[in-house]
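Peer 1: Let me give you the structure first, and then I'll get to my questions.
Protein chains: 2
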Amino acid sequence: MSDIVLHNYYRSSTSYRVRIALAMKGLSYDYVPHHLRHGEHLEAAYLAVNPQGLVPALIWNDGTLLTQSLAIIEFLDETRPEPPLLPKDPAGRARVRMLAQMIACDIHPVNNLRVLTSLRALFGAGDQDITNWFRHWVNEGFQPLEKMLAASAETGTFCHGEAPGLADICLGAQVTSNARFGVDMTPYPTIARINAACMALPAFQRAAPENQIDAE
Amino acid sequence: MSDIVLHNYYRSSTSYRVRIALAMKGLSYDYVPHHLRHGEHLEAAYLAVNPQGLVPALIWNDGTLLTQSLAIIEFLDETRPEPPLLPKDPAGRARVRMLAQMIACDIHPVNNLRVLTSLRALFGAGDQDITNWFRHWVNEGFQPLEKMLAASAETGTFCHGEAPGLADICLGAQVTSNARFGVDMTPYPTIARINAACMALPAFQRAAPENQIDAE
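For the record, the sequence lines run as chains Y and F.
Taken in order, the first sequence gives residues 1 to 216; the numbers are from the working numbering.
Taken in order, the second sequence gives residues 1001 to 1216; the numbers are from the working numbering.
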């Protein structure tokens, strides 16, 4: 048994973010899958551990429950500083957090499985409606993200310079999810280039949805 | 003219968060209102400044554009450390960020004005549908938040001990928005108690929607 228990679902974008960070930090963990589409995250045993019933959730070696992927990743970065996932200077840190949150706050939450499920249940949304909805919010977020990345001298091989960090983790996980909904990446050459650089890294590959024990 | 320009909308919950942090840090700023319901944030002049066309956006004194309320607040905290908005210890910081993100990532984005507008346009949602949708996602987030706050010895007068911080800023701004949609706070005594403590503070009062120049 490892020091860290990670409650997860292979296809969850936020789960993928945390797996990338753990892999980049070289941390091993016990992987506990919860099949979201089968509702396994809403079972009483899991709700007793994590009242929100979402994944990812990380149980640290002292029993502490950590949820919310960005909070978990910043915790890993503060307690295991190498390699750093944020720059050292406040302006750089703000830029990386901003880019990360453009995905984590403005794109992903609106396209979450539970929201898509609600659109079907409440408004009778069909498959094409769901696909359009998903693509719309990705495009709303990726258009400014592409502009900001392409315009900034601080953008390098990755979102901020030559080393991958928090923004790249969110970018790679989002682009991976996009593929399931057929998002056209042609208008986003900078995002696509950075994603390719991310996907060439062993940490992103090890953490990829298809390489998890619960992958279907 | 001040060193800081804040692009804002009085009723935006994320705008309110940044105003609270600026007030707590004692920073003055020029306030530039954008009336979201009139689409003023989508005018070319503003998109040239902020490609995402959202508020809040903060132009720092060196011309740097900062968007995303949590990234802005962490930047303010790193560059103006007093009073601190996050604890010093990594576990405490993770807990505060987690509580903040339970609101900022799981509740607010789904209930944003642009999402509600899309529900009307795409699915013919009416006023009651919108109200139900808003309340649903608040309750989905507030139920576990209430449990986690009530169960933790680290909860004090505020979300984390005796001083207000990042989680309280998100909590206060969310509870303020809730009032417009008639969210019943009876099931959330701990959240309501912390909100009352926040609203007694001058910084929360000065930053309140009704005290902004663009309030209607």
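Note that CB positions come from ideal geometry on N, CA and C, so glycine has one too.
#1: Got a sec: which bits of the stretch 1153-1167 of chain F sit with their beta carbon under 7 angstroms from any beta carbon on chain Y, in order along the chain?
#2: I'd like to know if Thr79/Y contacts chain F, where contact means its C-beta is closer than 8 angstroms to some C-beta of that chain.
#3: Could you name the residues of the stretch 67-78 of chain Y whose beta carbon sits closer than 8 angstroms to any beta carbon of chain F, in the order they occur along the chain?
#4: Looking at the unbroken alpha helix (DSSP H) that takes in Val110/Y, where does it start and where does it end?
#5: Is the stretch 187-201 of chain Y in contact with the stretch 1184-1204 of chain F, if contact means three or more CB pairs nearer than 8 angstroms?
#6: Which same chain residues end up closer than 6 angstroms to Glu146/Y when comparing Cβ atoms and leaving out the 5 residues on each side of it in sequence?
#7: Can you give me, in chain order, the residues of the stretch 112-140 of chain Y that have a beta carbon less than 9 angstroms from any beta carbon in chain F?
#8: Give the DSSP-derived three-state secondary structure of Asp129/Y in the structure shown.
#9: In chain F, which residues lie with their C-beta within 7 angstroms of the C-beta of Gln101/Y?
#10: Which residues share a DSSP beta bridge with Val32/Y?
#11: Taking the DSSP output, what are the residues bridged to Ala1057/F?
#12: Kindly indicate which three-state DSSP category Cys198/Y falls into: helix, strand or coil?
#13: What would DSSP say about Cys1170/F, mapped onto helix, strand or coil?
#14: Taking 8 angstroms as the CB-CB limit, is Arg180/Y close to chain F?
#15: Could you tell me whether the Cβ of Met1024/F comes closer than 8 angstroms to any Cβ of chain Y?
#16: Excluding sequence positions up to five away, which residues of its chain have a Cβ less than 6 angstroms from the Cβ of Lys25/Y?
#17: Would you kindly work out how many angstroms separate the C-alpha atoms of Asp3/Y and Val55/Y, rounded to a whole number?
#18: Can you give the Cα-Cα distance for Ser1217/F and Val1049/F, rounded to whole angstroms?
#19: One question on the structure: do Ala1207/F and Arg1019/F come within less than 8 angstroms of each other, judged by their Cβ atoms?
#20: Kindly list, in the order they appear in chain Y, the residues whose Cβ is closer than 9 angstroms to that of Asp1106/F.
#21: Indicate whether at least one CB of chain F lies closer than 8 angstroms to the CB of Pro144/Y.
#22: Can you confirm whether Arg37/Y, when its beta carbon is compared against all beta carbons of chain F, has any partner nearer than 8 angstroms?
#23: Please report the straight-line C-alpha distance between Arg135/Y and Val1032/F, rounded to a whole angstrom.
#24: Based on Cα-Cα distance, which residue from Leu1006/F, Pro1109/F, Gly1039/F and Leu1085/F lies nearest to Ala1297/F?
#25: Give the single residue among Ala153/Y, Ala215/Y and Phe142/Y whose Cα lies nearest to the Cα of Asn195/Y.
#26: CB Pro1109/F to CB Asp168/Y, shorter than 8 angstroms?
#27: In chain order, what residues of the same chain have a beta carbon less than 7 angstroms from the beta carbon of Gly126/Y, not counting five sequence neighbours either side?
#28: Consult DSSP for Met185/Y and reduce its assignment to one of helix, strand or coil.
#29: So is Glu1043/F buried or exposed if we call it buried at 16+ other beta carbons inside 10 Å?
#30: Identify each residue in the stretch 203-214 of chain Y for which the Cβ-Cβ distance to at least one residue of chain F is less than 9 angstroms, and report them in chain order.
#31: Looking at the C-beta of Arg11/Y, does it have a partner C-beta in chain F at a distance below 8 angstroms?
#32: Does the distance from the CB of Val96/Y to the CB of Pro83/Y come in under 8 angstroms?
#33: Can you check which of these residues, Val175/Y, Pro164/Y and Arg193/Y, is closest to Ile103/Y by C-alpha distance?
#34: Name the residue from Leu1006/F, Glu1040/F and Gly1053/F whose alpha carbon lies nearest to the alpha carbon of Pro144/Y.
#35: May I have the straight-line CA-CA distance separating Trp60/Y from Val115/Y, to the nearest angstrom?
#36: Are the beta-carbon atoms of Arg11/Y and Ile73/Y separated by less than 8 angstroms?
Peer 2: From the atom records:
#1: Within the stretch 1153-1167 of chain F, contact with chain Y at the beta-carbon level (separation under 7 angstroms) is assigned to no residue.
#2: yes
#3: Thr67, Gln68, Leu70, Ala71, Ile72, Glu74, Phe75 and Glu78
#4: No alpha helix (DSSP H) holds Val110/Y; DSSP gives it neither H nor E.
#5: No contact exists between the stretch 187-201 of chain Y and the stretch 1184-1204 of chain F.
#6: Once the five neighbours on either side are set aside, the close Cβ partners of Glu146/Y are Tyr188, Thr190 and Ile191.
#7: Asn112, Arg114, Val115, Ser118, Leu119, Leu122, Phe123, Gly124, Ala125, Asp129, Asn132, Trp133, His136, Trp137 and Glu140
#8: helix
#9: Gln1068, Leu1070 and Ala1071
#10: Residue pairing of Val32/Y in beta bridges, as defined by DSSP: His7/Y.
#11: His1007/F and Thr1067/F
#12: helix
#13: helix
#14: No, its Cβ sits nowhere closer than 8 angstroms to a Cβ of chain F.
#15: Not one chain Y Cβ lies under 8 angstroms of Met1024/F.
#16: Leu76 and Arg80
#17: 18 angstroms
#18: There is simply no residue 1217/F to check, as chain F begins at 1001 and stops at 1216 in what is shown.
#19: Contact: yes.
#20: Gln52, Leu54, Gln68, Pro109 and Asn112
#21: At least one CB of chain F lies nearer than 8 angstroms to the CB of Pro144/Y.
#22: no
#23: Those two C-alpha atoms are separated by around 31 angstroms.
#24: Because chain F here runs from 1001 to 1216, residue 1297/F falls outside it and cannot be looked at.
#25: Phe142/Y
#26: no
#27: none
#28: Reduced to three states, the DSSP call for Met185/Y is coil.
#29: Per the 10 Å Cβ criterion, exposed.
#30: none
#31: no
#32: no
#33: Val175/Y
#34: Gly1053/F
#35: 29 angstroms
#36: Not in contact: Arg11/Y and Ile73/Y (Cβ atoms no closer than 8 angstroms).
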